[in-house]
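K.L.:
Residue numbers (our numbering): 6 to 179.
Sending over a structure as structure tokens; questions will come in a sec.
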Amino acid sequence: MSTGQTILTMGAFMLLTTILLNFYSVLAKSSDIVESGQDGILATTLAVSYTEIAQGLAFDEITDTSDAAIGNANLLTTSANLGPDNYLETSLETFNDFDDFNNFSIEKEASGTNRRFRTTFKVYYVDPTNVNNTTTTRTFTKRMDLTTWRTFPPVTGKVDTLRMSVVLGYFHFD
């Protein structure tokens, strides 16, 4: 093989190496995008599951233990006491009313994956005419804000956080 052919062969190898590096770089970026999409779906699934659990519970501690309609909002839990009603209410399984989720945090592994997600909860009384406005006054309307993000495997770069809210109103039908 002559010197010209050797230089031409080396040039071809350099060109092939450059093409392969670019191809694998694009492939890695595509994988990150797919992984981010899967994380979003898993986080949404977990958050919706938590909201469904919360919506299946009583509106307030007093409405959990009473079959009679509550007509006076001042009988409800004060905004300062929103959260678990006693030391026995420490998990989703022991919660009995909507506001037990206040200041609660849970980390769960998504089934079928090695990904773990943390969700934090805040519960507020809200103005029934504008649920975006929180209030310390007791009303027959509460809002739960959830924040969910992936904790494992560690995220490189910006952490993608899902924020979701659900509003629950107290109505009694006789």
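Heads up, the beta-carbon is just placed ideally off N, CA and C, and yes, glycines get one too.
Mind reading off the beta-carbon distance from T141 to L51? Whole number of angstroms is fine, and I expect it under 8 Å.
P.N.:
Going by Cβ atoms, the distance from T141 to L51 rounds to 30 Å, so no, they are not a contact pair.
K.L.:
Considering only the beta carbon of each residue, do D104 and V128 sit closer than 8 Å?
P.N.:
Contact: yes.
K.L.:
R143 and L47: beta carbons closer than 8 Å?
P.N.:
Against a cut-off of 8 Å, the Cβ pair of L47 and R143 comes out as no contact.
K.L.:
What's the call for M149, buried or exposed, on a 16-neighbour Cβ count within 10 Å?
P.N.:
M149 comes out buried.
K.L.:
Take V172 as the anchor and find which of Q60, S96 and T8 has the nearest alpha-carbon.
P.N.:
It is Q60.
K.L.:
Indicate whether the contact test is met: 3 or more Cβ pairs, each with one atom in the segment 66-76 and one in the segment 96-103, closer than 8 Å.
P.N.:
With the cut-off at 8 Å, the segment 66-76 and the segment 96-103 touch.
K.L.:
Just the Cα atoms here: how many angstroms apart are A74 and G42?
P.N.:
Approximately 45 Å, taken between the alpha carbons.
K.L.:
Rounded C-beta distance between R168 and D44? I'm assuming under 8 Å.
P.N.:
Not really, about 14 Å apart at Cβ, beyond 8 Å.
K.L.:
Taking the alpha-carbon of L260 as reference, which of E98, N108, S170 and N79 has the nearest alpha-carbon?
P.N.:
Only positions 6 to 179 of the chain appear in this structure, which leaves residue 260 out of reach.
K.L.:
Are T82 and D65 closer than 8 Å when you measure CB to CB?
P.N.:
Yes.
K.L.:
How far does the alpha helix (DSSP H) with D69 in it reach, from first residue to last?
P.N.:
D69 -> alpha helix (DSSP H) spans E66 to D69.
K.L.:
T146 and V136: beta carbons closer than 8 Å?
P.N.:
For T146 and V136, yes; Cβs fall inside 8 Å.
K.L.:
Pull up the DSSP beta-bridge partners for G174, would you.
P.N.:
Bridge partners of G174: T146.
K.L.:
What ranges does the beta strand (DSSP E) occupy inside the segment 99-131, keeping only unbroken runs of at least 3 residues that lie completely in it?
P.N.:
Complete beta strand (DSSP E) runs here, min 3: 110-114.
K.L.:
Taking the C-alpha atoms as reference points, what is the distance between A115 and I24?
P.N.:
A115 and I24: Cα-Cα distance of roughly 37 Å.
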